[in-house]
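J.: Can you read through this structure? Questions will come right after.
Protein chains in written order, with the numbering used here: chain A, 87 to 338; chain B, 52 to 388; chain C, 285 to 572.
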């Protein structure tokens with residue numbers, strides 16, 4: 087982990103009508119860090135991710151990526167700077183063969199600039215990449231339409247799509263939801279490996295046991311507010327976090 | 052009581068389709084023929100039919116079919132990025148008026164006006180539609196439906212570009228062969244070009260945008276830029292069709308923006324089947340001659356197109372081409388369950 | 285003063301036209317492009333019943349409303365139900381239905397000065413310096429009455445409440461035992477009937493021309509889009525804006541500019557603020 091700040095979020099707020107989904111959240115993220123983002127349902131985790139990746143415009147606050155203000159930039163611009171994200175609900179191009187799903191990020195200006203993907207090479211690159219994620223190249227799996235694949239494969243396809251962008255910052259929104267235990271066991275080491283190789287990761291997850299094994303630090307959100315920030319054990323020990331997770335008589 | 056036996060239809064790829072999937076198609080001329088026939092037949096049909104019918108009335112019908120096929124192809128291309136146009140008349144009209152205007156006021160020759168109308172008209176249409184690119188589905192369709200009407204009324208109200216009378220006595224094509232073969236060449240080029248394009252990487256980006264634009268954005272691709280490119284391409288084809296028709300008629304008037312020019316290509320696409328371009332050509336080549344044969348109906352033709360459109364939507368949602376394609380590649384049999 | 289009176293009547297006319305369209309869209313999400321065609325069909329049916337068959341006016345009006353309402357219902361049940369889920373196919377289907385109706389009526393020759401619906405009460409009244417015929421006063425009264433009726437209907441009656449339930453969250457409504465297809469079909473039928481009511485009130489001011497089938501559709505679209513589809517206050521405000529706008533343009537410029545202004549309003553609103561002035565479709569803008 088270096089001291090270089092890759093992402094800085096300052097007083098980020100998002101209101102949907104009367105609801106404050108994200109409330110004055112600030113944090114910094116260093117290069118190579120593995121950050122867990124947790125909190126009860128509806129605490130604003132996905133909204134925070136949508137704000138960082140530009141899919142939702144913030145009401146107020148600033149986001150800096152490598153000291154560059156990306157607050158009101160469109161999603162594709164932010165993605166081209168190297169912020170890849172997965173989606174909570176499975177999203178894929180269902181009618182297109184699985185490996186052709188990766189053509190989209192491979193066709194992006196970012197990958198072109200990094201010197202990958204000449205004409206006619208993208209198919210091979212896509213199949214190579216998918217091979218690492220359990221889509222064996224010699225099987226029929228990568229060539230089937232994505233819509234006909236099981237849920238676990240689609241989740242991994244989403245992860246592969248993120249990695250095809252050659253990101254500097256990877257944001258995973260509940261990657262493990264709906265995966266079987268064995269699929270999680272197969273995928274977690276991959277993510278750990280990416281992190282060891284220098285990739286910065288933000289991971290939203292409900293499976294805390296798996297998350298705490300890999301995360302250096304967690305941020306806990308509750309009702310859009312940041313209530314804890316620190317190494318997993320310390321953060322979870324805080325009283326407010328315990329209350330948010332277990333719920334007590336004082337709420338409501 | 053007799054046991055009721057239930058059957059279901061089973062579809063199996065023909066052996067020859069499986070055999071000729073990859074390099075093995077070169078193994079025998081039967082396989083080669085199987086692959087080439089569906090491509091060679093329509094091309095040779097298009098090339099020889101003007102020779103067969105010659106000029107005259109049915110020559111004109113062939114020319115009409117080609118221009119409307121171009122409009123239908125342009126519709127299908129837009130649909131492949133998820134933009135559903137109800138305004139092919141916009142492209143047609145803009146192309147017609149640009150070609151007509153340059154020819155009428157500046158006396159530009161025909162070989163200059165048609166390219167200028169194709170590119171210039173496409174630029175105009177693209178800039179008109181860029182502000183509404185973020186609209187999806189029905190809203191985009193509404194804009195495309197309204198824009199040609201707006202132009203129609205503007206020309207009437209401002210009395211520019213010939214006003215209600217239109218621009219008369221424009222330069223004709225040197226002979227009808229040239230007109231026919233330019234139109235046919237364009238149809239063949241667009242048909243196979245677009246089919247090819249959608250199987251390139253660029254095409255997969257377009258298909259991705261149609262299926263889920265947010266994933267495409269997360270992949271670092273500016274969807275508006277790609278939509279704009281597609282609109283330019285589709286508009287160029289539509290404007291080209293308009294420019295051809297202008298010089299064929301030697302006249303351009305407000306009728307270029309009429310709803311007919313939207314409904315007829317649309318009915319063609321829906322009848323033939325969208326998403327593969329061949330369906331659009333097939334559909335228009337059925338509809339246009341049919342409507343010419345039923346010329347006696349006069350004003351009812353619009354109602355007829357619409358009726359065909361409704362029927363095809365309700366009964367044959369996949370379109371004729373998909374049906375034929377399935378029959379060609381697969382055989383069906385009943386199996387008991 | 286004259287400007288004001290014409291502006292008000294024109295605004296209420298537009299609101300009347302748009303009510304049925306917005307009601308259907310708001311509830312079932314079907315943009316009924318056959319709205320103008322139903323308006324025309326209702327007027328012509330009433331004329332036929334009165335002048336060719338000889339049924340009294342009031343009864344023929346009721347029968348026409350019923351027939352077109354049923355037509356709307358079966359349009360949904362027979363055709364739209366097959367196409368549900370693909371909004372664009374629905375638009376194509378309703379547009380095609382509109383063209384079939386209008387072009388067949390045009391072919392049968394229902395245009396011209398013979399085709400006039402009777403006014404409710406003949407004559408006119410002087411307001412200030414200008415004469416206003418009773419029909420226009422009726423029109424304003426009926427327009428305001430209908431809006432109040434619709435409000436009460438959707439807020440007080442069981443069918444009305446189920447309409448609103450479907451429009452707010454279809455899945456939840458289904459899980460609470462509301463038949464969404466039935467409700468959507470009813471809404472289309474209701475919207476079509478409202479189109480006929482609007483026609484019966486407005487058409488006596490002139491003669492019937494098949495072209496109005498398209499013009500009415502454009503007016504309904506314009507009011508709906510400028511105000512924000514499915515928003516009742518939006519319809520009111522945008523009919524007033526467009527109503528006065530048209531009158532001002534027609535008074536100070538050429539009358540043809542009216543249509544141009546209406547069409548341009550649709551395009552500009554969709555380009556600048558697609559959810560309309562009062563629209564609830566926030567996500568249309570949220571999606572960057």
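All residues carry an ideal CB built from backbone N, CA and C; glycine is no exception.
Considering only the alpha carbon of each residue, which of A:293, A:186, A:244 lies closest to residue 267 (chain A)?
T.: A:293
J.: Any beta-carbon of chain C closer than 8 Å to the one on residue 262 (chain B)?
T.: no
J.: Measure from the C-beta of residue 179 (chain A) to each C-beta in chain B and report whether the shortest distance is under 8 Å.
T.: yes
J.: Going by alpha carbons, who is nearest to residue 164 (chain B) out of B:179, B:382, B:294?
T.: B:294
J.: Any C-beta of chain B sitting closer than 8 Å to the C-beta of residue 165 (chain A)?
T.: yes
J.: Where does the unbroken alpha helix (DSSP H) through residue 242 (chain B) begin, and where does it stop?
T.: 227–248
J.: Using a C-beta to C-beta distance shorter than 7 Å, which residues of chain B count as neighbours of residue 186 (chain A)?
T.: 255
J.: Name, going along the chain, the residues of the stretch 104–125 of chain A whose beta-carbon falls closer than 7 Å to a beta-carbon of chain B.
T.: Answer in chain order: no residues at all.
J.: Is the separation between the beta-carbon of residue 198 (chain A) and that of residue 255 (chain B) shorter than 8 Å?
T.: The answer is no: Cβ separation not under 8 Å.
J.: Counting only the same chain and skipping the five closest in sequence on each side, list residues whose C-beta sits under 7 Å from that of residue 309 (chain B).
T.: In chain order, 140 place their CB closer than 7 Å to the CB of residue 309 (chain B), counting only its own chain and leaving out the 5 sequence neighbours on each side.
J.: Between the C-alpha atoms of residue 233 (chain B) and residue 560 (chain C), what's the straight-line distance to the nearest angstrom?
T.: 45 Å
J.: Between the Cα of residue 290 (chain C) and the Cα atoms of C:517, C:424, C:434, which residue gives the shortest distance?
T.: C:424
J.: Count the other C-beta atoms from every protein chain shown that fall within 10 angstroms of the C-beta of residue 258 (chain B), then say buried if there are 16 or more, exposed otherwise.
T.: buried
J.: Is the stretch 490–497 of chain C touching the stretch 538–551 of chain C, taking contact as three or more C-beta pairs under 8 Å?
T.: no
J.: Straight-line CA distance for residue 308 (chain C) to residue 450 (chain C)?
T.: 11 Å
J.: Using beta-carbon positions only, say whether residue 328 (chain B) and residue 253 (chain B) come within less than 8 Å of one another.
T.: Taking 8 Å as the Cβ cut-off, residue 328 (chain B) and residue 253 (chain B) do not qualify as a contacting pair.
J.: Can you round the beta-carbon distance between residue 311 (chain C) and residue 467 (chain C) to whole angstroms, since I take them to be within the 8 Å contact cut?
T.: Taking C-beta atoms under 8 Å as the contact rule, residue 311 (chain C) and residue 467 (chain C) qualify, at a distance of about 7 Å.
J.: For a quick check, are the C-beta atoms of residue 501 (chain C) and residue 361 (chain B) less than 8 Å apart?
T.: no
J.: Could you list the residues in the stretch 262–295 of chain B with a C-beta less than 8 Å from some C-beta on chain A, going in chain order?
T.: Near chain A, meaning a CB-to-CB distance below 8 Å, the residues of the stretch 262–295 of chain B are 262, 263, 265, 266, 267, 268, 269, 270, 271, 272, 273, 274.
J.: Check the Cβ-Cβ distances between residue 357 (chain C) and every residue of chain B, and say whether any is below 8 Å.
T.: no
J.: Cβ atoms of residue 271 (chain B) and residue 196 (chain A): under 8 Å apart, would you say?
T.: yes
J.: Counting only runs of 4+ residues fully inside the stretch 509–550 of chain C, write out the alpha helix (DSSP H) ranges in chain order.
T.: Given a length threshold of 4 residues, each whole run of the alpha helix (DSSP H) inside the stretch 509–550 of chain C is given here in chain order: 516–536.
J.: Note down, in chain order, every chain D residue with its Cβ under 8 Å from the Cβ of residue 189 (chain A).
T.: Included in the structure are the protein chains A, B and C, with no chain D among them.
J.: Taking DSSP as the reference, what is the three-state secondary structure of residue 258 (chain B)?
T.: Residue 258 (chain B) falls in the helix class under three-state DSSP.
J.: Give the single residue among B:226, B:330, B:107 whose Cα lies nearest to the Cα of residue 161 (chain B).
T.: Sorting B:226, B:330, B:107 by C-alpha distance to the C-alpha of residue 161 (chain B) places B:226 at the top.
J.: So which residues on chain C does residue 208 (chain B) lean against when the C-beta distance must stay under 7 Å?
T.: Neighbours of residue 208 (chain B) across chain C, judged by C-beta separation under 7 Å: 538, 540, 541, 544.
J.: Where in the stretch 184–223 of chain A do unbroken runs of the alpha helix (DSSP H), each at least 4 residues long, occur, reported from the N-terminal end onward?
T.: Along the length of the stretch 184–223 of chain A, whole alpha helix (DSSP H) runs at least 4 residues long occupy 184–187, 189–192, 195–199, 208–218, reported in chain order.
J.: Would you mind working out which of B:127, B:203, B:287, B:224 sits nearest residue 214 (chain B), comparing C-alpha positions?
T.: B:203
J.: Determine the extent of the alpha helix (DSSP H) in which residue 144 (chain B) is found, giving its start and end residues.
T.: Annotation: the continuous alpha helix (DSSP H) that includes residue 144 (chain B) extends over 139–156.
J.: Look up residue 308 (chain A) in the DSSP assignment and give the residues it is bridged to.
T.: A:311
J.: Nearest chain B C-beta to residue 367 (chain C) closer than 8 Å, yes or no?
T.: yes
J.: Using a 10 Å radius around the Cβ and a threshold of 16 neighbouring Cβ atoms, would you call residue 343 (chain C) buried or exposed?
T.: exposed
J.: Interface residues of chain B around residue 236 (chain C) at Cβ under 8 Å?
T.: As shown, chain C starts at 285 and ends at 572. That puts residue 236 (chain C) outside it, with no answer to give.
J.: Please check the pair residue 94 (chain A) and residue 114 (chain A), which I expect to be a contact at CB under 8 Å, by giving their CB distance rounded to whole angstroms.
T.: Residue 94 (chain A) to residue 114 (chain A), Cβ: 5 Å. Contact.
J.: Under 8 Å by Cβ, that's how I've got residue 199 (chain B) and residue 138 (chain B) pegged, so tell me the actual separation to the nearest angstrom.
T.: In this structure, residue 199 (chain B) and residue 138 (chain B) form a Cβ contact; the two beta carbons are roughly 5 Å apart against a cut-off of 8 Å.
J.: By Cβ distance, which residues of its chain are closer than 6 Å to residue 107 (chain A), with the 5 residues on each side in sequence left out?
T.: 100, 130, 133, 310
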